[in-house]
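Below: the structure, in structure tokens.
Numbering (our numbering), first residue to last: 1392 to 1538.
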């Protein structure tokens, strides 16, 4: 299914990078940070994101890395500010739709949504099994989830 997603995603503006694991994701993100001269990253606590150890980047490149869903440590208003001020936002996805080259992000909470919407650069981590062929498939899945 990834092979169907790539060409459409690139057509709609994605910069697609296929990686084999968390270490490769860090290498990609580090190159993105250097290229964009980024100083602040915000992340969600979704499983795909929490598997990555960002401490190397924060120590090595002097980045500020904030997990915005970690509300017990930081006030919600401060989390919103950090998401808005970030250079890069990193999220997982619920699904990626091959037909349209789009991602379905979780709408669980405001600060989590801000990670994908507010920073000028959004890194969406798409794992195997999250790519579905069409919007019709998404609607069918959603319908089954709510029955």
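Glycine included, C-beta positions come from ideal geometry on N, C-alpha and C.
- Two segments are said to touch when three or more pairs of C-beta atoms, one from each, lie closer than 8 Å; by this definition the segment 1424 to 1434 touches the segment 1445 to 1460.
- Boundaries of the alpha helix (DSSP H) around residue 1402: 1393 to 1402.
- For residue 1431, the uninterrupted beta strand (DSSP E) segment begins and ends at 1431 to 1434.
- DSSP places residue 1418 in the uninterrupted alpha helix (DSSP H) bounded by 1413 to 1427.
- Taking the Cβ atoms as the reference, residue 1482 lies roughly 6 Å from residue 1515, within the contact range of under 8 Å.
- The beta carbon of residue 1455 sits closer than 6 Å to those of 1431, all from its chain and outside the five residues before and after it, given in chain order.
- Counting along the chain, the unbroken beta strand (DSSP E) around residue 1516 starts and ends at 1512 to 1516.
- The straight-line gap separating the alpha-carbon atoms of residue 1405 and residue 1426 is approximately 16 Å.
- Residue pairing for residue 1481: DSSP places it in a beta bridge opposite 1434 and 1514.
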